[in-house]
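> Take this structure first; my questions come after.
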């Protein structure tokens with residue numbers, strides 16, 4: 089994606105995330121574990137702890153999803169943009 093302008097990269101990632109993210113088991117496992125982490129933080133760490141863990145969870149989930157859909161992004165670029 090480095091060869092594309094930032095707007096087009098964002099558009100490609102959004103399209104692939106919507107279409108492919110929840111077809112990957114990594115996304116489901118990560119979502120579940122991070123949800124458990126947020127619930128536990130809410131129970132024992134209060135509002136600030138929940139906010140901190142929620143922010144960390146969002147970053148981790150984004151990384152996992154982007155890594156999981158990489159092959160789909162590659163195919164999408166080859167199929168849709170190089171016709």
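In my numbering, the protein residues as written are 89 to 171. Using N, Cα and C, we set each Cβ at its ideal position, and we do this for glycine too.
Could you check the C-alpha separation between residue 137 and residue 118 for me, to the nearest Å?
Within the chain shown, the letter at position 49 stands for residue 137. Within the chain shown, the letter at position 30 stands for residue 118. Going from the Cα of residue 137 to the Cα of residue 118 covers about 19 angstroms.
> Is it buried or exposed for residue 127, if we count other Cβ within 10 angstroms and need 16 for buried?
The residue given as residue 127 occupies position 39 in the chain shown. Label assigned to residue 127: exposed.
> Restricting to Cα atoms, I'd like to know which of 123, 140, 105, 125 is closest to residue 157.
As a working mapping, residue 157 is identified with position 69 in the chain shown. Checking every option, the nearest Cα to that of residue 157 belongs to 105.
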